[in-house]
Amino acid sequence: MAINEMTPALQLVASPWAQHLKPSPTLAIKEVADQLKLSGVEVFDFGVGEMNPFVPVPLALRQAIAAAQLVESHSHYTAAPGDNSLLEALSEDFRRFGMTYAPHEIVICPGPKDAIFKACIALVNPAMPRNRVVAFAPSYEAFENVPPLTTGKPAIILPTDDRFFPKVDELERLLATDPTIAIIIVNSPNNPTGVVYPASLIADLAQVIGKYPQVAVISDESYRTAIYSDEPYSSIAHHLPLQTLVVAGISKELSSTGLRLGWVAGPAQIIRVIANVHGNATSSCGTDRPTDPIYQIQLARLKVSQTRRAERDMESRKEIKRQLQLRRDIALELFSSLPHLKRCKLTASQGAFYLFPDVTAFLDTRAPSVDEADAAEVIRTDKELALYLLRAAKVVAIPGSEFQRAGHLRLCYARDEATLRAGFQAMDAALARLSPASK
Ligand SMILES: Cc1ncc(COP(=O)(O)O)c(C=O)c1O
Numbered sequence: 003m004a005i006n007e008m009t010p011a012l013q014l015v016a017s018p019w020a021q022h023l024k025p026s027p028t029l030a031i032k033e034v035a036d037q038l039k040l041s042g043v044e045v046f047d048f049g050v051g052e053m054n055p056f057v058p059v060p061l062a063l064r065q066a067i068a069a070a071q072l073v074e075s076h077s078h079y080t081a082a083p084g085d086n087s088l089l090e091a092l093s094e095d096f097r098r099f100g101m102t103y104a105p106h107e108i109v110i111c112p113g114p115k116d117a118i119f120k121a122c123i124a125l126v127n128p129a130m131p132r133n134r135v136v137a138f139a140p141s142y143e144a145f146e147n148v149p150p151l152t153t154g155k156p157a158i159i160l161p162t163d164d165r166f167f168p169k170v171d172e173l174e175r176l177l178a179t180d181p182t183i184a185i186i187i188v189n190s191p192n193n194p195t196g197v198v199y200p201a202s203l204i205a206d207l208a209q210v211i212g213k214y215p216q217v218a219v220i221s222d223e224s225y226r227t228a229i230y231s232d233e234p235y236s237s238i239a240h241h242l243p244l245q246t247l248v249v250a251g252i253s254k255e256l257s258s259t260g261l262r263l264g265w266v267a268g269p270a271q272i273i274r275v276i277a278n279v280h281g282n283a284t285s286s287c288g289t290d291r292p293t294d295p296i297y298q299i300q301l302a303r304l305k306v307s308q309t310r311r312a313e314r315d316m317e318s319r320k321e322i323k324r325q326l327q328l329r330r331d332i333a334l335e336l337f338s339s340l341p342h343l344k345r346c347k348l349t350a351s352q353g354a355f356y357l358f359p360d361v362t363a364f365l366d367t368r369a370p371s372v373d374e375a376d377a378a379e380v381i382r383t384d385k386e387l388a389l390y391l392l393r394a395a396k397v398v399a400i401p402g403s404e405f406q407r408a409g410h411l412r413l414c415y416a417r418d419e420a421t422l423r424a425g426f427q428a429m430d431a432a433l434a435r436l437s438p439a440s441k
């Protein structure tokens, strides 16, 4: 009997909303880079947005993790929003950012990404009169990918100006003319551009959004402790506490991307709903299992408050920022001194840990053929340029079009100095080999 006679055809159909979900571009590129590394190729990986191991997890946290391995019999669920001692520690921590959130106004999630997802599920559904999510391009992938999954409609992506700042008047026009707007996502310091919104811009955005008290703001502050300019930390939550959900986490703040701990804070009534969504999905982040990294972090936090090391905890975030700033300075110096990188228009990164150069000077070019049988490669788009850099310089960079801004590349500079120097030089040499393509 032929196999297809024996095996009934699959009749299951995946949800069209889920089917159309784009894979995370950063994680997809990480897979390519990891494969290359496994096959022995030396890769200059400026792809995925994490700093570990080059800027390591703080020692105090690692020690607490090690100590937690000795704790016995902690294997229980917590209340849906998280263990109260951790919620209290986070509540205390928010005060350092000028915000007052009681423990019951916070939900602990497995990472900031998960917190954004659950906030969207809690706030919108397609049947609500207000059901559209707005973000500003270029933007972090989740802002484009999550809304279609929770509302069936694409996110409304508004352009930014030439400094990558939201255009307040465009937002104002949209809010005045479109009564379906439910959520506006603000992200400063910004991924992928590295810009930090000035306090005055945040105040202007708040002034406009504040006229629509039914509209929520998700303020993604995953990089709030990585600001290098003199611009003081400023959050839209300071202006609109009744409209804002603040999202943050330890991924970028404590160099702990894989430990999966984030949180969302906001008005109690909405937070209660998010906690319920969370309780029906992941739940219990911060269980007291000794092998659970989240518990270990909880323990670290507890130790912090018990031994009045709270200040030292902030100190570790300041040290991480210092480490990132050193790398940012090297990256900027290389971009201003290497002859071909210099040709990219670059807005200096003032926060987070990305450069987002405009690479249009290298589009519509031709790469030399690898051998005689090989046709010269024509590079028209940022995606083609990223592929060329991977092939010719073993440099991993993420095309700007993955962040809804074509003609750019995103480079994560949270790497060691040797990788930065060698990788940027390899990139410069590869760019030098491009010649104009005849149209
Ligand atoms: C702006 C922003 N928000 C949220 C996240 C999500 O962080 P995590 O994947 O650790 O949950 C990221 C990750 O790169 C990010 O850049």
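Each position in the sequence shown, counted from 1, maps to that position plus 2 in the numbering used here.
Each residue gets a CB set at the ideal place from its N, CA and C atoms; glycine is no exception.
Just the Cα atoms here: how many angstroms apart are Leu247 and Thr80?
Walking along the sequence shown from the start, residue 247 turns up at place 245. Walking along the sequence shown from the start, residue 80 turns up at place 78. Per the coordinates, the alpha-carbon of Leu247 lies some 22 angstroms from the alpha-carbon of Thr80.
Whose CA, out of Met8, Ile110 and Ser26, lies closest to the CA of Gly251?
The count along the sequence shown starts at 1 and reaches residue 251 at position 249. The option with the nearest alpha carbon to Gly251 is Ile110.
Determine which residues share a DSSP beta bridge with Tyr356 and list them.
Here the question's residue 356 lines up with position 354 in the sequence shown. Answer is Cys414.
Taking only the alpha-carbon atoms, compute the straight-line gap between Thr153 and Arg134 and give it to the nearest angstrom.
Working through the sequence shown from its first residue, we reach residue 153 at position 151. Working through the sequence shown from its first residue, we reach residue 134 at position 132. Rounded to the nearest angstrom, the gap between the Cα atoms of Thr153 and Arg134 is 7 angstroms.
What three-state label does DSSP hand Arg345 in the structure shown?
Within the sequence shown, residue 345 is the residue found at index 343, counting from 1. In the structure shown, Arg345 falls within a helical segment according to DSSP collapsed to helix, strand and coil.
Are the beta-carbon atoms belonging to Ala428 and Val397 less than 7 angstroms from one another?
For the purposes of this step, residue 428 is taken as residue 426 along the sequence shown, with counting starting at 1. For the purposes of this step, residue 397 is taken as residue 395 along the sequence shown, with counting starting at 1. Against a cut-off of 7 angstroms, the Cβ pair of Val397 and Ala428 comes out as a contact.
Do you know how far the Cα of Arg345 is from the Cα of Ile123?
As a position in the sequence shown, residue 123 is number 121, starting the count at 1. As a position in the sequence shown, residue 345 is number 343, starting the count at 1. Taking the straight line joining both Cα atoms gives about 43 angstroms.
Report yes or no: do three or more beta-carbon pairs, one from the stretch 170 to 177 and one from the stretch 225 to 240, lie closer than 8 angstroms?
Cβ pair count under 8 angstroms is below three, so no.
Tell me which same chain residues have a C-beta within less than 7 angstroms of the C-beta of Tyr235, skipping the five on either side of it?
Stepping through the sequence shown from its first residue, residue 235 is reached at position 233. Excluding five sequence positions before and after Tyr235, the CB atoms of its chain that fall closer than 7 angstroms to its own CB belong to Phe99, Arg226 and Ile229, given in chain order.
Contact with chain B by Ala137, beta-carbon distance below 7 angstroms
Included in the structure is just one protein chain, with no chain B present.
Under a Cβ-count criterion, where at least 16 other Cβ atoms within 10 Å of its own Cβ denotes burial, should Asp47 be classed as buried or exposed?
Sequence index remark: in the sequence shown, residue 47 carries index 45 (1-based). Counting Cβ neighbours within 10 Å, Asp47 comes out buried, since at least 16 surround it.
Nearest-angstrom Cα distance between Val57 and Thr182?
As a first step, residue 57 must be located in the sequence shown, where it is residue number 55. As a first step, residue 182 must be located in the sequence shown, where it is residue number 180. Cα to Cα, Val57 sits roughly 43 angstroms from Thr182.
Identify the continuous alpha helix (DSSP H) that holds Thr179 and give its terminal residues.
For this step, residue 179 is matched to residue 177 along the sequence shown. Counting along the chain, the alpha helix (DSSP H) containing Thr179 begins and ends at Val170 to Thr179.
Just the Cα atoms here: how many angstroms apart are Ala205 and Ile158?
The residue labelled residue 205 in the question sits at position 203 within the sequence shown. The residue labelled residue 158 in the question sits at position 156 within the sequence shown. Answer to the nearest angstrom: the Cα atoms are 22 angstroms apart.
Under 7 angstroms, do His280 and Lys120 count as touching if we go by C-beta distance?
The residue labelled residue 280 in the question sits at position 278 within the sequence shown. The residue labelled residue 120 in the question sits at position 118 within the sequence shown. Yes, Cβ-Cβ distance for His280 and Lys120 is below 7 angstroms.
Below 7 angstroms between beta carbons: does that hold for Leu326 and Ala416?
In the sequence shown, the residue the question calls residue 326 occupies position 324. In the sequence shown, the residue the question calls residue 416 occupies position 414. Pairing Leu326 with Ala416 gives a Cβ-Cβ distance under 7 angstroms.
Flag Pro114 as yes when its Cβ comes closer than 6 angstroms to any non-hydrogen atom of ligand 1, and as no otherwise.
Indexing the sequence shown from 1 puts residue 114 at position 112. For Pro114, the CB falls within less than 6 angstroms of some heavy atom of ligand 1.
Is the beta carbon of Thr259 within less than 6 angstroms of some heavy atom of ligand 1?
Within the sequence shown, numbered from 1, the residue matching residue 259 stands at position 257. Yes - ligand 1 has a heavy atom lying nearer than 6 angstroms to the Cβ of Thr259.
From Gln209, Pro10 and Gly268, pick the residue whose C-alpha is nearest to that of Ile118; which is it?
As a first step, residue 118 is located in the sequence shown; it is residue number 116 there, counting from the start. When only C-alpha atoms are compared, the closest one is Gly268.
Beta-carbon proximity list for Asn54, same chain, < 6 angstroms, skipping 5 on both sides
Here residue 54 is taken as the residue at index 52 of the sequence shown, counted from 1. Taken in chain order, the residues that qualify are Ser257.
Since Glu223 is in the beta strand (DSSP E), which residue starts that stretch and which ends it?
Looking up residue 223 in the sequence shown gives position 221. Looking at the DSSP string, Glu223 is not in any beta strand (DSSP E), and its letter there is neither H nor E.
Please give me, in chain order, every unbroken run of the alpha helix (DSSP H) with length at least 4 that falls completely inside the stretch 97 to 125.
The stretch 97 to 125 contains these whole alpha helix (DSSP H) runs: 114 to 125.
Reduced DSSP category for Ser190 - H, G, I as helix; E, B as strand; rest coil
On the sequence shown, position 188 is the one that residue 190 refers to. Correct three-state label for Ser190: coil.
Beta-carbon gap between Val249 and Asp222 smaller than 7 angstroms
Numbered from its first residue, the sequence shown carries residue 249 at position 247. Numbered from its first residue, the sequence shown carries residue 222 at position 220. By the CB criterion at 7 angstroms, Val249 and Asp222 fall inside the cutoff.
Which same chain residues end up closer than 7 angstroms to Trp2 when comparing Cβ atoms and leaving out the 5 residues on each side of it in sequence?
No answer is possible for residue 2: the residues shown for the chain start at 3 and end at 441.
Please go through the same chain and pick out, in chain order, the residues whose beta-carbon is closer than 6 angstroms to the beta-carbon of Ser190, but skip the five residues on each side of it.
Translated into positions along the sequence shown, residue 190 becomes position 188. Here Ser190 has Val198 and Tyr199 as same chain residues with Cβ atoms under 6 angstroms from its own Cβ, once five neighbours each way along the sequence are excluded.
Using 10 angstroms around the beta-carbon of Ser318, count the other beta-carbons present and answer buried if the total reaches 16, otherwise exposed.
By 1-based counting over the sequence shown, the position of residue 318 is 316. If you draw a 10 Å sphere on the C-beta of Ser318, you find 16 or more other C-beta atoms in it, and that means buried.
According to DSSP, which residues form a beta bridge with Ala218?
Numbered from 1 along the sequence shown, position 216 holds the residue referred to as residue 218. In the DSSP assignment, the residues bridged to Ala218 are Ile185.
Report the residue from Leu340, Ala388, Leu263 and Pro370 whose alpha carbon sits nearest the alpha carbon of Pro83.
Position 81 of the sequence shown holds residue 83. Ranking Leu340, Ala388, Leu263 and Pro370 by Cα distance to Pro83 puts Leu263 first.
Whole angstroms are fine: how far does the CA of Leu436 sit from the CA of Glu379?
If you number the sequence shown from 1, residue 379 lands on position 377. If you number the sequence shown from 1, residue 436 lands on position 434. Their Cα atoms are separated by approximately 10 angstroms.
Per-residue DSSP class, three states only, for Thr289:
Along the sequence shown, read from residue 1 onward, the residue named residue 289 stands at position 287. Note on Thr289: pLDDT 46, under 50, position unreliable in the model; the coordinate value appears next. Look at Thr289 here: in three-state DSSP terms it is coil, with no helix or strand label.
What separation, rounded to the nearest whole angstrom, lies between the Cα atoms of Phe337 and Ala363?
Taking the sequence shown and counting its residues from 1, the one referred to as residue 337 is at position 335. Taking the sequence shown and counting its residues from 1, the one referred to as residue 363 is at position 361. Our two residues, Phe337 and Ala363, have alpha carbons roughly 14 angstroms apart in a direct line.
Three-state class that DSSP yields for Val275 in the structure shown:
The residue you call residue 275 lines up with position 273 of the sequence shown. Here Val275 carries a helix assignment [DSSP, helix/strand/coil].
For the beta strand (DSSP E) that contains Gly251, what are its first and last residues?
Taking the sequence shown and counting its residues from 1, one reaches residue 251 at position 249. If you look at Gly251, you'll find it in the beta strand (DSSP E) that goes Thr246 to Gly251.
Any chance the CB of Asn189 is under 6 angstroms from a heavy atom of ligand 1?
Locating residue 189 in the sequence shown gives position 187, where the first residue counts as 1. The answer is yes for Asn189.
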